[in-house]
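Enquirer: Chains as they are written, first to last, in our numbering: chain B, 1 to 484; chain H, 1 to 220; chain Z, 1 to 314; chain U, 1 to 672.
The beta-carbon is built from N, C-alpha and C at its ideal position, and this holds for glycine as well.
To start, I am sharing the structure in question, which I have written as structure tokens.
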């Protein structure tokens with residue numbers, strides 16, 4: 001039953017805030033709902049840990065296994081910390097007059113709806129509903145991206161809407177083909193799209209249909225993952241939206257989209273019996289990593305730069321999933337977690353930094369370590385973590401990915417080496433002067449909410465040195481589930 | 001025997017859909033585009049209904065109804081008002097000129113048919129042969145989104161694509177499970193609503209719906 | 001062993017005492033060749049005595065290093081002289097330092113001289129130091145190469161054993177040693193500050209190397225350095241003899257050969273000195289920046305010697 | 001090892017990582033007393049120094065103890081940290097402990113009166129750095145190794161950028177971290193090849209893995225690249241002359257003296273321990289690169305005018321020599337000449353140890369100078385031997401040692417290496433017989449140039465007239481600084497005077513790697529590597545003789561004559577007005593070298609024109625590789641990124657075309 005709480009709370013939160021979101025304490029209420037969601041998710045997780053995978057609802061509308069349960073927890077957790085962060089952040093935005101109460105109401109309610117949609121996407125067992133909720137998540141965030149109503153933000157939102165809409169339409173076509181293949185085995189009707197049922201009979205599904213279906217699904221959901229060359233909406237949306245939105249977009253939405261791809265990949269692998277899907281994903285992943293690395297190099301806007309770095313990391317994860325095998329899948333799942341935590345932490349720090357400097361241009365941000373050491377160190381450590389420097393957890397997964405790649409597909413590693421090198425040089429070379437050095441800016445007036453930053457980084461650090469057994473257990477089960 | 005008769009009608013409607021898609025591709029004026037879109041919706045609804053009647057798949061009636069309400073009545077009306085209100089019925093030269101677009105369109109259709117051929121052979125439905133047409137509609141709509149330069153035309157292209165998808169669903173497998181149909185419909189509704197808000201925002205910011213104002217965000 | 005030690009000390013003292021004599025002999029030959037009336041052959045001894053009697057004059061802010069250097073240099077040269085077999089072949093010291101160590105000793109002395117020269121901070125001092133190091137950075141490896149050729153032949157870096165092999169085994173012609181010999185000649189000319197690399201008798205700013213370094217020295221310090229210089233010349237000659245015409249050096253523990261050895265030594269030294277002065281007389285001082293080329297040639301010849309050895313003699 | 005010793009040292013490795021833990025505790029403790037600079041310097045650093053001493057002790061025991069291993073409960077799920085302490089690790093542990101003890105003692109005095117922000121973080125990084133290096137030596141699986149490796153790099157980066165207000169220092173730090181990271185990724189790939197594929201990253205499984213020569217060579221090349229980037233192997237050396245001067249002197253000392261050696265350690269570990277096939281041409285390659293690096297480094301050291309930069313370049317030279325020794329070892333080893341391999345390996349380890357001591361000594365020496373004068377440019381220094389005699393004389397020891405002069409330690413390792421060249425005849429590949437003489441010649445040349453460099457360094461900084469009146473107020477180094485320097489200088493002397501003992505200590509390491517040991521044919525005071533017939537060297541006798549002769553001469557001169565001294569102005573050929581500007585500057589002293597080797601460097605001169613009011617002449621010799629290699633790479637990268645940027649030109653139609661094209665392409669691709 002926890003599942004209904006997990007989905008219901010944010011939904012209720014969305015409605016509640018839509019009605020009473022103009023109140024003074026809306027941010028706190030927002031955080032409260034997120035907290036409740038987190039609690040519910042924790043309970044659910046505990047239940048799964050205790051009882052193993054389970055199906056809920058009629059013929060099993062919801063299905064929770066080790067793969068999605070940790071994503072649920074992750075989502076709820078990051079959603080909560082982001083809400084904490086956005087509480088003071090949005091207040092200050094309001095003081096700066098960039099927002100008014102009504103927009104804040106819109107922001108808060110869409111935020112909750114967005115969370116609800118993602119949780120639904122994660123927990124549903126029905127590939128159709130999965131599609132529906134992905135679309136819903138998109139729609140919920142479109143208006144968040146254009147929250148500031150600046151021309152740039154509108155443009156970004158428009159591109160986001162159209163590109164993701166078209167992409168998601170491809171995904172729908174893929175889903176239709178999937179259903180088309182499924183109903184011949186499972187008979188028509190609702191159950192034919194239930195992932196568990198499909199997974200049961202995946203060997204009998206029609207290969208030719210499924211490979212077409214996978215192409216459409218990959219292109220469709222891949223657009224939301226931000227795989228090159230379908231990624232073009234991503235940097236704009238991240239750069240122009242409010243920072244908390246950027247944080248959840250790259251911290252959560254991309255994961256969920258990739259989750260959808262993986263669910264379909266399992267089926268396709270089963271049906272085709274070759275690694276066509278894997279190869280496609282490796283290709284996409286590699287392309288994204290390299291392209292993103294070189295695009296990072298020319299960024300001047302800090303949020304845009306980190307958006308590209310998200311593309312890079314998503315590419316890396318996709319590549320790892322494409323390689324398959326227990327180690328690579330494990331690494332990919334680990335990297336998903338690490339990237340969400342680290343990247344959102346970075347966006348928190350960046351948010352305060354930009355708010356302080358009054359610009360997102362990196363030339364305008366200097367000597368943070370002087371104006372506000374905690375923000376400075378937060379950004380510095382976050383950057384170091386995201387660049388895959390130990391002892392932070394991102395390194396752990398990159399270690400596994402690269403070594404496995406070197407062993408299984410040596411041809412790919414020169415590209416990885418190149419891309420990682422370029423990305424490191426670009427990002428670090430741009431962040432270092434932002435953190436170190438002299439500056440004229442006065443010290444930060446208000447006390448920033450940096451607890452989330454350091455909670456995240458602390459977690460990442462811990463996971464780099466020690467992964468709790470049960471967590472490792474999840475990862476392992478999930479890796480098994482994803483086939484290897 | 002009657003089945004074949006219905007089948008012929010459905011095929012006819014399918015052909016009509018394809019024709020309308022081409023027409024939309026070549027249509028310059030937005031009002032005309034909206035009308036064509038409405039017609040396309042009507043054809044879709046009709047064919048869905050016939051399939052439902054002939055095969056006794058009752059849930060298809062719902063989707064036919066949804067289509068009728070949303071895509072034939074609600075949205076066209078909405079777009080009419082929008083176009084009138086924002087007064088954006090001016091003609092814009094598409095990125096690629098019309099004849100070329102047509103040629104590309106024909107190539108796409110052939111491609112789509114080839115693609116759909118193996119699938120429709122294994123399909124059990126009476127309407128399998130129309131799957132290729134559905135796919136063609138999707139691709140043509142995509143092409144239209146690429147070539148047009150106005151926000152509204154792009155959105156209409158997007159919705160035309162959804163029509164194609166619905167048609168594919170119906171023809172390939174008598175539609176999706178009802179839940180999904182509902183969900184999709186809901187999404188489309190919300191989507192259009194959001195778009196509405198959007199258009200006004202864009203309009204009041206750029207006082208035009210021309211996409212050429214929205215090319216600022218790029219790598220310079 | 002005790003006899004060995006006695007012999008060792010005797011030989012070292014002999015070297016120390018004979019060194020100025022060699023210097024005097026070279027000057028004398030030179031004078032004759034230049035048609036001057038020669039100073040007496042004992043002139044260097046007189047100079048030394050005179051210098052030792054004088055009061056030392058030292059620059060105001062010369063550091064202890066400045067006064068320490070001459071003793072250091074003298075000690076190094078003495079040790080070097082002790083290692084090289086001049087008359088007899090069993091030297092208890094020689095295991096303490098083989099040819100490589102010998103090069104090390106020369107380098108040690110040179111570094112101290114250069115540092116002392118820079119200590120007073122005069123323009124000439126640092127100029128001399130720089131030029132000295134310039135000469136040495138090519139001469140030192142070249143010398144090493146010469147030694148390597150010899151020790152590759154004799155399978156040892158111990159001078160006595162080298163001499164043993166070259167002198168007291170059956171006579172073989174080693175082409176590599178020919179290269180080594182030429183190289184060694186050039187090196188010793190450079191290292192002992194003789195024409196054509198340097199001119200011991202001039203204080204001309206443009207040309208002087210060695211003299212520029214010891215300008216600030218006077219009295220006993222100068223005497224020690226001059227003596228060390230003489231000793232160096234002696235050691236080099238002894239080295240040349242040991243490497244290229246070792247015949248006559250007494251073998252392990254036959255004392256009957258000693259008198260003959262002494263005679264042979266004197267004869268060879270005299271000859272060597274004469275040849276040296278003759279070469280000086282007929283050649284002209286080269287420009288300073290030719291010096292690296294000169295020594296580069298020596299270095300090259302040394303390496304060639306080694307290569308030849310690997311080609312023909314392995 | 002015998003059972004008895006097995007029972008004797010049950011869990012040595014535990015002691016080692018306990019030491020690391022102790023350092024971490026110290027470091028994080030320092031964060032708590034962030035601002036009490038006095039307490040930090042006079043309490044935490046001494047404690048850290050004790051830790052270093054303890055490490056050295058553990059290492060000394062570990063040399064003779066049997067290998068001991070432990071598994072820590074941290075790391076990846078299937079890959080907890082494996083730690084192992086065998087002879088090789090133990091040796092480098094001794095090196096680390098010995099050098100860093102002196103440096104840390106010195107640091108007490110140095111950081112006490114260093115003007116900088118709060119010290120707490122610095123202390124933390126310092127101890128993290130030490131701990132990281134130790135963990136690198138102990139690591140027994142790829143993950144632990146890489147984590148420690150990068151922690152080491154990261155903490156040293158933060159130490160380098162201590163003074164991050166200065167843009168050049170930021171640039172240096174960036175360059176350093178970048179090259180370190182690229183090297184680290186190369187190492188990742190190397191380990192990726194070494195691992196068996198079934199996700200087992202322990203070194204044990206790697207030792208067992210069978211490899212084809214091709215992949216083995218790939219591993220070796222990657223290792224050479226990765227570790228070379230850290231060691232400062234040409235052409236990956238560019239970070240070194242930037243980062244070393246930027247860092248605070250004790251840190252420079254640690255980086256140059258110890259950190260570079262961890263790279264050597266890694267190279268030895270991978271090549272001789274993890275790989276179970278070695279190929280001859282590897283050795284030739286390493287030898288060639290090593291000699292190139294040595295000559296390149298020393299030539300550039302000779303033309304530097306910043307004292308710490310000069311030392312950094314000389315570090316490159318020494319690394320080159322070590323690598324040459326490494327290459328030679330490989331050649332002999334693959335050629336089945338175990339004894340020779342043992343000899344060169346001994347030379348290698350010995351030189352690594354020596355370099356740790358004398359380079360550490362020299363760097364801390366410059367640190368004291370920096371303190372006393374606030375000046376790094378040699379052109380502004382001079383005559384310091386009068387104002388800071390302790391520093392000067394102790395530095396002199398280091399300078400003589402690094403110049404490879406007997407009887408100090410630098411000479412011993414050089415001697416051993418040259419012996420190896422002499423014992424070569426009869427290698428199976430004839431071309432090697434041709435290579436050897438040339439190699440020997442270049443080693444000798446490098447050594448001689450090193451002497452040149454050191455005369456320049458010491459002469460210009462400590463001798464002569466002060467080139468700046470302010471120098472007259474230069475103060476002598478504080479006592480902790482002196483103690484640190486004394487420790488290091490003593491190390492140089494003892495390592496030089498007792499080679500036989502040192503080589504006995506090295507024996508287990510050599511046996512571990514090359515299977516043979518170096519037999520010392522001599523007695524306790526004589527070193528005779530192969531046989532006393534072939535070669536021998538007895539530094540103690542040497543030293544004694546020199547000392548005795550020196551004393552005798554002194555006494556004799558004083559006895560027979562007199563000790564009268566008159567002070568006067570320097571004579572200088574009677575030139576009347578002398579001043580400090582007439583001495584050779586650093587540039588002047590290096591000028592001959594620059595003239596001879598100008599083709600290697602890009603010389604930028606600023607000549608005064610005849611009508612200049614205040615004519616000044618400057619010349620800087622820059623590293624040509626930077627312009628030939630690095631700048632083109634940078635340009636290429638930005639060109640590519642420009643091309644990539646073109647794809648993203650803001651028109652939504654184009655974006656749609658991209659996804660449309662992708663879709664079509666994939667459809668064609670899968671249905672073809």
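Tell me the residue span of the beta strand (DSSP E) that contains residue 553(U).
Expert: It is not in any beta strand (DSSP E) - residue 553(U) instead sits in the alpha helix (DSSP H) that spans 539 to 560.
Enquirer: For my contact list, residue 409(U) and residue 495(U) are in at a C-beta cut-off of 8 Å; report their separation, rounded to the angstrom.
Expert: Contact flag correct, Cβ pair sits at about 4 Å.
Enquirer: Count the other CB atoms within 10 Å of the CB of residue 631(U); is the residue buried (16 or more) or exposed (fewer)?
Expert: Its Cβ having fewer than 16 others within 10 Å, residue 631(U) is exposed.
Enquirer: Should residue 296(Z) go down as buried or exposed, given a rule of 16 or more other Cβ atoms within 10 Å for buried?
Expert: Flag for residue 296(Z) reads exposed.
Enquirer: Pick helix, strand or coil for residue 73(U), following the three-state DSSP scheme.
Expert: Residue 73(U) falls in the strand class under three-state DSSP.
Enquirer: Helix, strand or coil, according to DSSP, for residue 198(Z) in the structure here?
Expert: Coil.
Enquirer: Applying the 10 Å Cβ sphere with the 16-neighbour rule, what's the burial state of residue 411(B)?
Expert: When all chains shown are included, residue 411(B) counts as exposed.
Enquirer: Check the Cβ-Cβ distances between residue 474(B) and every residue of chain H, and say whether any is below 8 Å.
Expert: It does not; no Cβ of chain H falls within 8 Å.
Enquirer: Are the Cβ atoms of residue 346(U) and residue 368(U) separated by less than 8 Å?
Expert: Contact flag unset, no.
Enquirer: With distances taken between CB atoms, is the gap from residue 58(Z) to residue 567(U) smaller than 8 Å?
Expert: Yes.
Enquirer: Secondary structure at residue 7(U), three-state DSSP: helix, strand or coil?
Expert: Per-residue confidence for residue 7(U) stands at a pLDDT of 44, beneath the threshold of 50, marking its modelled position as unreliable; the derived number appears in the next sentence. Here residue 7(U) sits in helix by DSSP.
Enquirer: Helix or strand or just coil, what does DSSP make of residue 54(B)?
Expert: Three-state result, residue 54(B): strand.
Enquirer: Where does residue 3(B) fall in DSSP's three states?
Expert: If DSSP states are grouped into helix, strand and coil, residue 3(B) belongs with the helices.
Enquirer: Pull the bridge partners of residue 82(U) from the DSSP assignment, please.
Expert: Residue 82(U) pairs with 71(U).
Enquirer: Do residue 133(U) and residue 187(U) count as a contact pair if the criterion is CB distance below 8 Å?
Expert: It is not a contact, given that the beta carbons lie outside the stated cut-off.
Enquirer: Which class does residue 150(H) belong to by DSSP, given the choice of helix, strand or coil?
Expert: If DSSP states are grouped into helix, strand and coil, residue 150(H) belongs with the strands.
Enquirer: Tell me which residues of the region 433 to 454 of chain U have at least one Cβ-Cβ distance to chain Z shorter than 7 Å, keeping chain order.
Expert: Listed in sequence order: 433, 434, 437, 438, 440, 441, 444, 445, 448, 449, 451, 452.
Enquirer: Anything in the region 232 to 246 of chain B with a Cβ closer than 9 Å to a Cβ of chain H? List those residues in chain order, please.
Expert: Result list: 235, 236, 239, 240.
Enquirer: Hey, residue 148(U) and residue 97(U): beta-carbon distance below 8 Å or not?
Expert: The answer is no: Cβ separation not under 8 Å.
Enquirer: Verify the CB distance criterion: does residue 433(B) have a CB-CB separation below 8 Å to chain U?
Expert: For residue 433(B), the answer is yes, since a Cβ of chain U falls inside 8 Å of its Cβ.
Enquirer: Kindly list, in the order they appear in chain H, the residues whose Cβ is closer than 7 Å to that of residue 651(U).
Expert: 215, listed in chain order.
Enquirer: What does a CB cutoff of less than 8 Å around residue 128(B) pick up in its chain, not counting 5 residues either side in sequence?
Expert: Around residue 128(B): 175, 179, 193.
Enquirer: In whole angstroms, what is the alpha-carbon distance linking residue 508(U) and residue 487(U)?
Expert: Taking the straight line from one Cα to the other gives about 26 Å.
Enquirer: What does the Cβ neighbour count give for residue 317(U), buried or exposed, with the cut at 16 atoms within 10 Å?
Expert: Per the 10 Å Cβ criterion, buried.
Enquirer: In terms of alpha-carbon separation, which member of 143(B), 166(B), 157(B), 345(B) lies closest to residue 460(B)?
Expert: With distances taken between Cα atoms, residue 460(B) lies closest to 345(B).
Enquirer: Are any of the Cβ atoms in chain H nearer than 8 Å to that of residue 366(U)?
Expert: Residue 366(U) does not count as touching chain H.
Enquirer: Assuming residue 154(B) contacts residue 205(H) under a Cβ cut-off of 8 Å, what Cβ separation, rounded to an integer in Å, is found between them?
Expert: The Cβ separation is near 6 Å, so the contact holds.
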